[in-house]
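>
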Amino acid sequence: MKKAGLQPDHMSITGILVACSHGGLVEDGWRVFKSMKNEYGLEPRLEHYGCMVDLLGRAGLLSEAYEFVEKMPIRPNSVIWRTLLEACVNHNNLVLAKKVKKRLNKLDRYHDGDYVLLSNVRNSMRARRVNKKAGASSISVDQIIHEFISGDNSHPQSQDIRDFLDRIFESIKDTGYTPLTSNVLHDIEEEEKEHTLGYHSEKLAVAFALLSVKDTRTIRVMKNIRICCDCHSFMKHVSAKFGREIIVRDRNRFHHFINGSCSCQDYW
Ligand SMILES: [Zn+2]
Ligand SMILES: [Zn+2]
0 MKKAGLQPDH MSITGILVAC SHGGLVEDGW RVFKSMKNEY GLEPRLEHYG CMVDLLGRAG
60 LLSEAYEFVE KMPIRPNSVI WRTLLEACVN HNNLVLAKKV KKRLNKLDRY HDGDYVLLSN
120 VRNSMRARRV NKKAGASSIS VDQIIHEFIS GDNSHPQSQD IRDFLDRIFE SIKDTGYTPL
180 TSNVLHDIEE EEKEHTLGYH SEKLAVAFAL LSVKDTRTIR VMKNIRICCD CHSFMKHVSA
240 KFGREIIVRD RNRFHHFING SCSCQDYW
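The end of the sequence shown is residue 267 by numbering that gives the first Met the number 0, with every number in the run present.
1. His145 by DSSP, collapsed to three states: which one?
2. How is His254 classed by DSSP in three states: helix, strand or coil?
3. On the premise that Ile160 lies in contact with Ala86, defined as a C-beta separation below 8 Å, what is that separation, rounded to the nearest angstrom?
4. Please report the straight-line C-alpha distance between Ser20 and Lys100, rounded to a whole angstrom.
5. Determine contact between the region 199-213 and the region 151-169, defined as no fewer than three beta-carbon pairs at a distance below 8 Å.
6. Roughly how many angstroms lie between the CA atoms of Thr174 and Phe233, to the nearest whole one?
7. Could you pull out every residue in the same chain whose Cβ sits closer than 7 Å to the Cβ of Met10, ignoring the five residues on either side in sequence?
8. To the nearest angstrom, how far is it from the Cα of Tyr176 to the Cα of Phe163?
9. Could you check what DSSP says for Val220 in three-state terms: helix, strand or coil?
10. Compute the minimum distance between the beta carbon of Cys263 and the heavy atoms of ligand 2, and state whether it is under 7 Å.
11. Going by Cα to Cα distance, which pick from Asn89, Glu42, Asn91 is closest to Met71?
12. If I measure Cβ to Cβ from Val237 and keep anything under 8 Å in the same chain, skipping five residues before and after, which residues do I get?
In structure tokens, the structure reads:
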């Protein structure tokens, strides 16, 4: 755009900041953010501050992110605080997480995600009718689409799939897989906590694929919401252990798992 002499607007800057955030490009992100005002005369909006918090948070610069939010000239909304909260939990900084949670509590008391995150009171959730979106993954095997819902038993081969999944867990323990329990907290936005972590829909889908397709075809899964850290780590280990490529399309992007690593380089 610069080369073509075009002036970036708020929208294009948002795009660049999101890209920086997903690529872990902290310096570049800062530079672009600052250039809004200095070079282009654009006043950053709430979403630009949000992008910066996400960028810093993902990179683990939590104090910097916290300070950034504190100093924002616009009043931070719950999305900003939640972004920071998620980063804190993700980087295991529970002290700061609690601090952020307090700020968030003042803003909205009924948001479902962090309600689950720190209070974990199912019954009162039910009482207040806060509904969570169920994680669902679909996979096509021999031209038939199979859909899996997290923690759900409705697939006709459900028991076999779960048994096989348990065997997979056992076998990838050898290669260093440990269930990321704090990650139950990480997955704060949409997915249920509790026991379902082990049975998140994409794990069920992949177990089913391994069970039904014995050759080395790439396993392709579509997921409605974002993949959690535990499933992400699971996919990496499975791709290495079973020598299978796995592609998971989640709400944000494609993850291409091969030989124990993912194309997103753990930024998503
Ligand atoms: Zn998961
Ligand atoms: Zn990935």
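For each residue, glycine too, the CB sits at the ideal point set by N, CA and C.
Looking at the coordinates:
1. His145 falls in the strand class under three-state DSSP.
2. strand
3. Not really, about 33 Å apart at Cβ, beyond 8 Å.
4. 22 Å
5. Yes: the two stretches touch, three or more of their Cβ pairs being nearer than 8 Å.
6. 11 Å
7. none
8. Distance between the alpha carbons of Tyr176 and Phe163: 16 Å.
9. strand
10. Judged by the Cβ position, Cys263 qualifies as a neighbour of ligand 2 at the 7 Å threshold, a heavy atom of the ligand being closer than this.
11. Glu42
12. Once the five neighbours on either side are set aside, the close Cβ partners of Val237 are Ile167, Ile171, Val205, Leu209, Arg243, Ile245, Phe256.
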